[in-house]
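**Q** Got a structure for you, questions after.
Number of protein chains: 6
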Amino acid sequence: MLLHLSTWQEVESYLQTSQGIIIPIGSTEQHGPTGLIGTDAICAEAIAKGVGAETQALVAPTINVGMALHHTAFPGTISLRPSTMILVIRDYITCLAKAGFSKFYFINGHGGNIATLKAAFSEIYAYLDDLQIPHANQVQCQTANWFMCSSVYKLAKELYGEHEGSHATPSEVALTQYVYPEAIKQGFLSPEVGKGHRIYGAADFRQHYPDGRMGSNPALATPEHGQQFYDLAVKELSQGYLEFITVA
Amino acid sequence: MLLHLSTWQEVESYLQTSQGIIIPIGSTEQHGPTGLIGTDAICAEAIAKGVGAETQALVAPTINVGMALHHTAFPGTISLRPSTMILVIRDYITCLAKAGFSKFYFINGHGGNIATLKAAFSEIYAYLDDLQIPHANQVQCQTANWFMCSSVYKLAKELYGEHEGSHATPSEVALTQYVYPEAIKQGFLSPEVGKGHRIYGAADFRQHYPDGRMGSNPALATPEHGQQFYDLAVKELSQGYLEFITVA
Amino acid sequence: MLLHLSTWQEVESYLQTSQGIIIPIGSTEQHGPTGLIGTDAICAEAIAKGVGAETQALVAPTINVGMALHHTAFPGTISLRPSTMILVIRDYITCLAKAGFSKFYFINGHGGNIATLKAAFSEIYAYLDDLQIPHANQVQCQTANWFMCSSVYKLAKELYGEHEGSHATPSEVALTQYVYPEAIKQGFLSPEVGKGHRIYGAADFRQHYPDGRMGSNPALATPEHGQQFYDLAVKELSQGYLEFITVA
Amino acid sequence: MLLHLSTWQEVESYLQTSQGIIIPIGSTEQHGPTGLIGTDAICAEAIAKGVGAETQALVAPTINVGMALHHTAFPGTISLRPSTMILVIRDYITCLAKAGFSKFYFINGHGGNIATLKAAFSEIYAYLDDLQIPHANQVQCQTANWFMCSSVYKLAKELYGEHEGSHATPSEVALTQYVYPEAIKQGFLSPEVGKGHRIYGAADFRQHYPDGRMGSNPALATPEHGQQFYDLAVKELSQGYLEFITVA
Amino acid sequence: MLLHLSTWQEVESYLQTSQGIIIPIGSTEQHGPTGLIGTDAICAEAIAKGVGAETQALVAPTINVGMALHHTAFPGTISLRPSTMILVIRDYITCLAKAGFSKFYFINGHGGNIATLKAAFSEIYAYLDDLQIPHANQVQCQTANWFMCSSVYKLAKELYGEHEGSHATPSEVALTQYVYPEAIKQGFLSPEVGKGHRIYGAADFRQHYPDGRMGSNPALATPEHGQQFYDLAVKELSQGYLEFITVA
Amino acid sequence: MLLHLSTWQEVESYLQTSQGIIIPIGSTEQHGPTGLIGTDAICAEAIAKGVGAETQALVAPTINVGMALHHTAFPGTISLRPSTMILVIRDYITCLAKAGFSKFYFINGHGGNIATLKAAFSEIYAYLDDLQIPHANQVQCQTANWFMCSSVYKLAKELYGEHEGSHATPSEVALTQYVYPEAIKQGFLSPEVGKGHRIYGAADFRQHYPDGRMGSNPALATPEHGQQFYDLAVKELSQGYLEFITVA
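Below, the structure is given as structure tokens:
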């Protein structure tokens, strides 16, 4: 059940049986010479819809832009500052918590979001505690990173070994190829690829990762792989969601 | 050209011939008993893609959640606070302006966003003036409200007269029916509908507009109407965009 | 009844019969070669006092500085950022709402304030909803722009036609001449005047409107006109205020 | 020279010979049963105009509302939060510093503003250092409290002894009587008056100072005293201003 | 009783008999050629521990970094902005007030903190008033500056006369010598020392006070003097604390 | 070399050979019935001093209070909100970066700080990029968690196995016993201990972890163990620091 294709009365009915909601969150950032700028949002959204279908959960509109400041030296990247993102997440959860939701399951497509999401959740629990919302203390948020699902990770290692890398990976590229076969890109991928550098500011990042990839060879990706990743992630995260909403 | 389906190198090429970008912005808010919660985002996104195709412009991912605080007494509504939204818009434009964009054309699907967008633009011009971005003083932002296109307005009056109303209107519902025919809703629409009250806080809004509509009869909407609105809006806003990027 | 000339005990008495208050808001910004920098504040304050006298309403001290960032390339202009102005309005209303006021009528002298005021009101309704103030949900704010009164607009058209323009207008200059006849300025007004350009940042504004006027010829203003505008605005806004405080 | 009664071209001329500006700042807060809510703003404004006339200095519009949170349990009081006031002062000074002003002389009518003004100045020096304003490092701000002028203090002691108290004092009430003789209030003043309690929150303040006075007997005030205070303050602060703008 | 060396159960017990807590606050800033950068924190912490021992009060960890922006042109200085410091103090007090503390006694080692602390307290009383904390209105904060104790001031005048100065004073240097005899510094102290200039921004400060001292001769300090200052301050502030927690 | 025991001239000299600085950061939070509230700050500070001595690095004063909102249902806990902590870290780094430091090594004693520190670093890189600080793009921040050193982790597993738990662990308690043998606490430790629950808000945390421990048995700690942990951590982090400042 997709929130943006529902009416408020359907949401009202939904709340009578569930207080859970899935919020896909991605990023709008460079993904190397052949990866889509929307990769992280596309993956998160596709998997979130799959999980929603599997579990009858309500799925919110995708947060397309996340915390990608270190990618901003590449044109096309858009990023929230962490302090802005904390406020955005606060506003989402405050609105939904006032309406009766209490279990927020963020299906995340971008490693760079994890820290800020965690910080945001801490901020929000304290914020809600100060308001007059009934049951504010029952609000629970969880981040579920599809790319860190054990089944996904295992398959990526099998298919790509060390060529999986850590950004613009063949696994995420494969998933976007499965979702948008019409947008499969050809492009030159140097056999030399930056790897092993820590992440600091945007200029530093581009210097060490000149084409945007981090140790990856996305040329190995295929749409068929993408479907496999999709199926594994949907299965594992569906289970994760059901456990999340069940535990007190 | 859709930003999320592009690579950063394609964006780099694009910037050599254009510094314009279209940013669709909608809202996630109740639209009466039969309107989709995503109506404003759906309309903005569809039209923005159409304008992008018509004008070769780059189209950013849709800002799905806008300023809809007055609708938050209806479940399913998600809103940013104006102060948050100003920061979000600031972050978007700062990233893109540093990359070289200077003409920001917001195709907007929600009346409630207009004031905050305008405030955000003022804030941003001053903010950019303080930074070390070259050509910061050339940044220009414009809001283009599809529902206020003269051709759209004229057709809505012809088709629906006073039943167009001002929220959950048949014209916007028609457009979503055209985009998502699989999500056309049936639902009871009382012949009595709130109208003429000013908008204050969320509780006050729901009291005066108990089913969420503002003077509208969305039962008049058809997908065919939706296509007409779509065509008119794309045509008028394509012209608007081209003028915007041309004028110094 | 002027707040700054009252005692707190007089305010306490006032609150027993009315919860309405008038807050004049202007701007401190260039008004062309012959217009006063305080024009918008002077007009708003004069009319607010007139309305207060007519309706027995309490009138707060004038907010002299508003949102005029686009005028800041002209010396003497002072502007709040929109995000600051939202906090200022929040602080005003929070104090007054805690004391028992619930109807806030902003008599506004500056077009550039309108969007930020609207954004501020939305922010404030949500903010108050989170506090422990009794009757927070009854707080209502309204902006009343004296220069958009239909009677004022009609007279301006009659007297000045297209020479009214949209900034440093003869109508507002006339009103300041009526209030401060000792400060009528003589100055060179080029027959060529900028007009028709959209408003972006401060440097861009000054480039297109080099002497600060927007399509206006303030040389047509007279103190007698000013009195006419004053009388019309006071009459129309007095009625507006009384309606505002009457409707639930 | 009053900023609000000047044109931007007059300000431009002024800046060729002086970079100093006087900013009156008061408060909108209860001043006991017979003191005006606008007392602090009235006094600051009147004296600032006097100093401006004496020294040819430009005088900005009065900041009517300051930091008076501890008075907010009395109706009619309006206060900025310190964090808001810091932003307001920052916005004022940023605008004026960009235009070329560098010496900001705040003539202050309210003890409660002093700490926040001082904090604001520190914040602003650091803020300006980060911007691209020429000569940002030459910006200097000073608070001049009229009621702490040695000549004023001495006269108050002579006239009222311990009945001067520290809030709603006869000296400030006298000054408002001189400025607004038509607004001299009669009211019951209990011979018992709160005194000697430290200032904490608003509820605590009202409990210890039930009628708003702090150890004062404003019944001793006369308009003639007011004129004496006015003359002394204008003289002393004129000298203070001239020294301020002279020293590097 | 030191908070950082206690368990939460010991704090729980403490709260049954006292709601007071001592919070030492210093600064990390240059103190001239021979003064320690930690001088203000060292003094505040040592005295706070002494007062805690004398009065059985709980002593929180020292806030090492305060408001020292005007010293930031000297390397090694770290400062919070006033707006940040207000939030820090707010967070401390909110946590502790929710746990049951209501009397906050800040033993302060730095004059530059005084204004921001005062502003913070005002902000916090209003903030707490908006939350759902029981007894929020009983929260009281007080700043106790050890260097302004009358006994300390008297001794400093006796020992050093005008050589006490106002920053990097022999009295504070002496106290650090008493606490850290192993860190007594030798260094060249020019007989010429800046004095009498007002404090503005960091660059301006360093220009007028080139070695960081303000009119002081810290070469006069001895550890024995330090012990005397310590004893006087502990005695006077112990009395101050006991009075503070006793008065309603 | 400890910053608080240095003079600004010593820091000036230091900067000629190194731009690195160590900043210890801990927390002030409950650590079960026998753990000290200052545990995380004590451990971070002790190890940071050891690393500083080993590597000749400058060590800043300890940030005693971190992000511990989930512990705030236990009295004595003090926490910054993540948004506040981001500002605090921003202020520290801005001051130090302006002075010439570029390598910031945070030795961290608290798992709850990790996410917010990471978010803060991202925020700061972008912030510095906007300022006029030379070499802003060379600023690099790193978090080094002593408890996650592989040598420490290995020893903890050897000594305590699963009784190490994840909060109020015997390893960190041991380290505080080594540093403060005079503050070793005796207290009842129930054999039943909460474990395996995710962390949400403060009330939820206390419900699942009623005495504050998370799966640990701190009764196993000894001061001798503490010394072993200390030695291992200092060795491993000294190496980490030297690598950090060496790599470009």
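In order, the protein sequence lines correspond to chains A, B, C, D, E and F. With my numbering applied, the first sequence corresponds to residues 143 to 390, in that order. With my numbering applied, the second sequence corresponds to residues 143 to 390, in that order. With my numbering applied, the third sequence corresponds to residues 143 to 390, in that order. With my numbering applied, the fourth sequence corresponds to residues 143 to 390, in that order. With my numbering applied, the fifth sequence corresponds to residues 143 to 390, in that order. With my numbering applied, the sixth sequence corresponds to residues 143 to 390, in that order. For glycine and all other residues, C-beta sits at the position ideal for the given N, C-alpha and C.
Is there at least one Cβ from chain A nearer than 9 angstroms to F:Ser169's Cβ?
**A** So, not an interface residue.
**Q** Rounding to the nearest angstrom, what Cα-Cα distance links D:Thr236 and D:Tyr267 in this structure?
**A** 10 angstroms
**Q** Have a look at D:Val335, D:Ala363, D:Leu144 and flag the residue whose alpha-carbon is nearest the alpha-carbon of D:His350.
**A** D:Val335
**Q** Which residues bound the beta strand (DSSP E) around D:Gln349?
**A** No beta strand (DSSP E) holds D:Gln349; the alpha helix (DSSP H) holding it covers 344 to 350.
**Q** For C:Asp182 and chain A, any beta-carbon pair shorter than 9 angstroms?
**A** With 9 angstroms as the cut-off, C:Asp182 does not count as an interface residue toward chain A.
**Q** Check distances from the C-beta atoms of the stretch 272 to 292 of chain B to those of chain F and list, in chain order, the residues that come in under 9 angstroms.
**A** Asp272, Leu273, Gln274, Ile275
**Q** I'd like to know if F:Asp233 contacts chain E, where contact means its C-beta is closer than 9 angstroms to some C-beta of that chain.
**A** Chain E contact via Cβ: present.
**Q** Roughly how many angstroms separate the alpha carbons of C:Ser169 and C:Pro217, rounded to a whole number?
**A** Looking at the backbone, the Cα of C:Ser169 and that of C:Pro217 are separated by about 14 angstroms.
**Q** Who are the neighbours of E:Cys185 on chain F, taking C-beta pairs under 8 angstroms?
**A** Going along chain F, no residue has its Cβ under 8 angstroms from E:Cys185, so there is no contact; the nearest lies around 11 angstroms.
**Q** Are the C-beta of C:His146 and some C-beta of chain D separated by less than 9 angstroms?
**A** yes
**Q** Taking the Cβ atom as the reference point for each residue, do C:Thr149 and D:Thr176 lie within a distance shorter than 9 angstroms?
**A** yes
**Q** Name the two residues that bound the continuous beta strand (DSSP E) containing E:Lys163.
**A** It is Ile, not Lys, that sits at residue 163 of chain E in the sequence shown. Run containing E:Ile163: 162 to 167, per the beta strand (DSSP E) assignment.
**Q** Roughly how far, in whole angstroms, is the beta-carbon of D:Val193 from the beta-carbon of D:Ile249, given that I think they are within contact range, below 8 angstroms?
**A** 7 angstroms
**Q** Report back the beta-carbon spacing between F:Ala298 and F:Gly251 to the nearest angstrom; my notes put them in contact at under 8 angstroms.
**A** No, F:Ala298 and F:Gly251 are not in contact; Cβ-Cβ is about 14 angstroms, not under 8 angstroms.
**Q** Could you give the first and the last residue of the continuous alpha helix (DSSP H) run that contains A:Ile205?
**A** Run containing A:Ile205: none; DSSP gives neither H nor E here.
**Q** What does B:Ser221 touch in chain A if you count any residue whose Cβ is under 8 angstroms from its own?
**A** Asp233, Cys237
**Q** Jot down the residue ranges of each uninterrupted alpha helix (DSSP H) in the stretch 278 to 346 of chain E, minimum 4 residues, whole runs only, in chain order.
**A** Counting only runs of at least 4 residues, the stretch 278 to 346 of chain E fully encloses the following alpha helix (DSSP H) elements, listed from N- to C-terminal order: 292 to 302, 312 to 321.
**Q** Kindly indicate which three-state DSSP category B:Gly406 falls into: helix, strand or coil?
**A** Since the first residue of chain B shown is 143 and the last is 390, residue 406 of chain B is not available in this structure.
**Q** The ligand ZN heavy atoms versus the CB of D:Ile266: any closer than 8 angstroms?
**A** Absence of the ligand ZN is noted for the structure shown, with no ligands found whatsoever.
**Q** For F:Lys260, return the contacting residues in chain A, with the cut-off set at a CB-CB distance below 7 angstroms.
**A** Near F:Lys260 (Cβ distances below 7 angstroms), the residues of chain A are Ala257.
**Q** Applying the 10 Å Cβ sphere with the 16-neighbour rule, what's the burial state of A:Glu378?
**A** The residue in question, A:Glu378, is buried, as its Cβ has 16 or more Cβ neighbours within 10 Å.
**Q** Check E:Ile179 in the structure and name its three-state DSSP category.
**A** E:Ile179: coil per DSSP, three-state reduction.
**Q** Between the beta-carbon of B:Asp271 and the beta-carbon of C:Gly180, is there less than 9 angstroms?
**A** no
**Q** Below 8 angstroms, can you find three or more Cβ-Cβ pairs linking the stretch 192 to 206 of chain A to the stretch 312 to 331 of chain A?
**A** no
**Q** For B:Phe263, report the span of its alpha helix (DSSP H) as first-last.
**A** 256 to 272
**Q** Give me the residue from B:Gly254, B:Tyr247, B:Gln172 with the minimum Cα distance to B:Gly208.
**A** B:Gly254
**Q** Give the range of the beta strand (DSSP E) segment to which C:Ile249 is assigned.
**A** 245 to 250
**Q** Let me know the secondary structure DSSP gives E:Leu222 once reduced to three states.
**A** coil
**Q** According to DSSP, A:His173 sits in a beta bridge with which residue or residues?
**A** A:Gly177
**Q** With which residues is C:Met143 paired in a DSSP beta bridge?
**A** None, per the DSSP bridge assignment.
**Q** Between F:Gln158, F:Glu152, F:Ser155, F:Gly162, which has its C-alpha nearest F:Val281's C-alpha?
**A** F:Gly162
**Q** Can you check whether the C-beta of F:Tyr351 is within less than 9 angstroms of a C-beta belonging to chain E?
**A** no
**Q** Under 6 angstroms Cβ to Cβ from E:His339, same chain only, skipping five residues before and after it: list those, please.
**A** Cβ-Cβ distances below 6 angstroms link E:His339 to His350 in the same chain, with the five nearest sequence neighbours on each side left out; the list follows chain order.
**Q** I want to verify the contact list: residues of chain C whose CB lies under 9 angstroms from the CB of B:Tyr383, in sequence order.
**A** Going along chain C, no residue has its Cβ under 9 angstroms from B:Tyr383, so there is no contact; the nearest lies around 14 angstroms.
**Q** If you draw a straight line from the C-alpha of E:Ser293 to the C-alpha of E:Gln284, how long is it?
**A** C-alpha of E:Ser293 to C-alpha of E:Gln284: approximately 19 angstroms in a straight line.
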